[in-house]
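Residue numbers (the numbering used here): -6 to 297.
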């Protein structure tokens, strides 16, 4: 029999002890203590938190590649795509110009309202030109239109809370979806020279109505300005009436425009033509027992 020294006996006894069980499943009849859970103080809890399940819809990494109808923020609920979501740039441009081209054809072939004005004013013959997009407007023609706005309306802007901001007005007038109906002196200069002077213009856009009817298509009249020699002779009325006929020809039954409250003459003209205050027009505000009137009115007309 092998005899061990006292030190060897202690050493072997220590190394022959089985390691302590770490899990209750490893030994029969052992139940662990319930985990400590502090929902409001997770650092003091010893319960392993459950991992939140992954969302069924994941964020889209490249939103610029997603059609506008299904684009959103964060998690996106995909909506059915339409054929308009897959148009090429050239197809989008062609679609945007289709209605202006219809108006242009109507102006050339069947502009009864403007023809009637010409017959009633033989002493002041004029020419009318439609430019399908501000992108196609000559720089000198654009500058002439802007100067008309400055001359006829800058005082109204300055007298309102909006203020006269030439840079912003130029940007608005340069919108590629803005359509221009130009009024010129008759004829053109000699070959190679620019056309005759612009005497007035009407600009408009095919767009959507404001809330609560934002899904409805409308024709919005942005500007209508005439030189001093043409004002008060009924031309503004004929321009608006022509545009209303053109809107119906394009399948649109509502026109809209904005007028300053201070411009009582223009407002009276629009009311005679059947325009009234639209539901989206801003209301007067009451501040500290004082009524602050809106600077402008949005007017609209339902077309037959």
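Note that CB positions come from ideal geometry on N, CA and C, so glycine has one too. Keep in mind it's a predicted model, so treat the numbers as computed, not measured.
Taking just the CA atoms, how far does residue 106 sit from residue 146?
-> What you label residue 146 is simply residue 153 of the chain shown in a count that begins at 1. What you label residue 106 is simply residue 113 of the chain shown in a count that begins at 1. The alpha-carbon atoms of residue 146 and residue 106 are separated by roughly 26 Å.
Cβ-Cβ distance between residue 280 and residue 248 below 9 Å | As a first step, residue 280 must be located in the chain shown, where it is residue number 287. As a first step, residue 248 must be located in the chain shown, where it is residue number 255. Cβ atoms of residue 280 and residue 248: not closer than 9 Å.
Between residue 254 and the rest of its own chain, which residues show a CB-CB distance below 8 Å, the 5 nearest in sequence each way excluded?
-> In the chain shown, the residue the question calls residue 254 occupies position 261. Counting only Cβ-Cβ distances below 8 Å, and skipping sequence neighbours, we find 260, 286, 287, 288, 289 and 290.
Residue 56 burial status per 10 Å Cβ neighbour count (16 or more: buried) | Looking up residue 56 in the chain shown gives position 63. Low per-residue confidence applies at residue 56: pLDDT is 46, beneath 50, and the placement is therefore not dependable, though the value from the model is reported in the following sentence. By the 10 Å Cβ count, residue 56 comes out exposed.
Are three or more beta carbon pairs between the region 190 to 204 and the region 161 to 178 nearer than 8 Å?
-> yes
Identified DSSP bridge partners for residue 196 = For this step, residue 196 is matched to residue 203 along the chain shown. Beta-bridge pairing links residue 196 to 173 and 216.
What three-state label does DSSP hand residue 63 in the structure shown?
-> The sequence position of residue 63 within the chain shown is 70, counting from 1. Confidence is the limiting factor: at residue 63 the pLDDT is only 46, short of 50, which leaves the residue's position unreliable and the question unanswerable from this model.
For the alpha helix (DSSP H) that contains residue 110, what are its first and last residues?
-> The residue given as residue 110 occupies position 117 in the chain shown. Residues 105 to 113.
Per DSSP, which residues does residue 280 bridge with? Please list them.
-> As a working mapping, residue 280 is identified with position 287 in the chain shown. 283.
What are the boundary residues of the beta strand (DSSP E) that residue 123 is part of?
-> Translated into the one-based positions of the chain shown, residue 123 becomes position 130. Element bounds for residue 123: 120 to 124.
Residue 254 lies in the beta strand (DSSP E); which residues open and close that run?
-> As a working note, residue 254 is residue 261 in the chain shown. Here residue 254 belongs to no beta strand (DSSP E), and DSSP marks it neither H nor E.
When you compare each of 154, 264, 239 and 221 to residue 91 by their alpha carbons, which one comes out closest?
-> Along the chain shown, read from residue 1 onward, the residue named residue 91 stands at position 98. Per the Cα distances, 239.
Per DSSP, residue 269 is paired with what?
-> Working through the chain shown from its first residue, we reach residue 269 at position 276. Residue 269 is bridged to 293.
Of the residues 293, 219, 165 and 236, which one's Cα is nearest the Cα of residue 251?
-> Indexing the chain shown from 1 puts residue 251 at position 258. Out of 293, 219, 165 and 236, the CA that lies nearest to the CA of residue 251 is found in 293.
The region 94 to 111 in contact with the region 226 to 235 per 3-pair CB rule at 8 Å | A contact exists between the region 94 to 111 and the region 226 to 235.
Cβ pair residue 192, residue 119 closer than 9 Å = The residue labelled residue 192 in the question sits at position 199 within the chain shown. The residue labelled residue 119 in the question sits at position 126 within the chain shown. Yes, Cβ-Cβ distance for residue 192 and residue 119 is below 9 Å.
Whole-angstrom C-beta distance between residue 81 and residue 242, which should lie under 8 Å | If you number the chain shown from 1, residue 242 lands on position 249. If you number the chain shown from 1, residue 81 lands on position 88. Contact flag wrong, Cβ pair sits at about 27 Å.
Name the one or two DSSP bridge partners that residue 211 has.
-> Walking along the chain shown from the start, residue 211 turns up at place 218. DSSP, once it has assigned bridges, lists 200 as partnering residue 211.
How many Å lie between residue 190 and residue 134 at the Cα?
-> Here the question's residue 190 lines up with position 197 in the chain shown. Here the question's residue 134 lines up with position 141 in the chain shown. Between the alpha carbons of residue 190 and residue 134 lies a distance of about 8 Å.
Backbone CA spacing between residue 144 and residue 177 [nearest angstrom] | Position 151 of the chain shown, counted from the first residue, corresponds to residue 144. Position 184 of the chain shown, counted from the first residue, corresponds to residue 177. So the two alpha carbons sit approximately 17 Å from each other.
For residue 205, name the three-state secondary structure that DSSP assigns.
-> Within the chain shown, residue 205 is the residue found at index 212, counting from 1. In the structure shown, residue 205 sits in coil (DSSP, three-state: anything other than H, G, I, E or B).
Return yes when the Cβ of residue 93 is within less than 9 Å of the Cβ of residue 136, no when it is not.
-> Against the chain shown, residue 136 aligns to sequence position 143. Against the chain shown, residue 93 aligns to sequence position 100. Cβ distance not < 9 Å, so residue 136 and residue 93 don't count as in contact.
Take residue 296 and list the residues in its own chain whose beta-carbon comes closer than 8 Å to its own, dropping the five residues that flank it on each side.
-> Counted from its first residue, the chain shown places residue 296 at position 303. Spatial neighbours of residue 296 in its own chain (CB-CB distance under 8 Å, excluding positions within 5 residues in sequence) are listed in chain order as 237, 240, 241, 245, 246, 247 and 248.
4 or more residues per run - each alpha helix (DSSP H) lying fully within the region 125 to 165 = 132 to 151
Hey, residue 266 and residue 214 are a contact pair by Cβ (cut 8 Å); roughly how many whole angstroms apart?
-> Mapped onto the chain shown, residue 266 falls at position 273. Mapped onto the chain shown, residue 214 falls at position 221. The Cβ separation is near 11 Å, so there is no contact.
When you compare only the Cα positions, how much space is there between residue 151 and residue 157?
-> Along the chain shown, read from residue 1 onward, the residue named residue 151 stands at position 158. Along the chain shown, read from residue 1 onward, the residue named residue 157 stands at position 164. Residue 151 and residue 157: Cα-Cα distance of roughly 5 Å.
Is residue 179 helix, strand or coil by DSSP?
-> The residue you call residue 179 lines up with position 186 of the chain shown. Looking at residue 179 - three-state DSSP - the assignment turns out to be coil, as it is neither helix nor strand.
Compare the Cα-Cα distances from residue 205 to each of 273, 98, 104 and 99 and report the closest residue.
-> Counting from one through the chain shown, the residue named residue 205 turns up at place 212. That would be 273, whose Cα lies nearest to the Cα of residue 205.
Leaving out the 5 sequence neighbours to the left and right, which residues in its chain are closer than 8 Å to residue 276 when beta-carbon positions are compared?
-> Here residue 276 is taken as the residue at index 283 of the chain shown, counted from 1. Only 287 meet the Cβ criterion.
Proximity test, Cβ basis, 9 Å: residue 124 and chain B = The chain inventory of the structure shown lacks chain B, comprising one protein chain alone.
Per-residue DSSP class, three states only, for residue 93 | What you label residue 93 is simply residue 100 of the chain shown in a count that begins at 1. If DSSP states are grouped into helix, strand and coil, residue 93 belongs with the helices.
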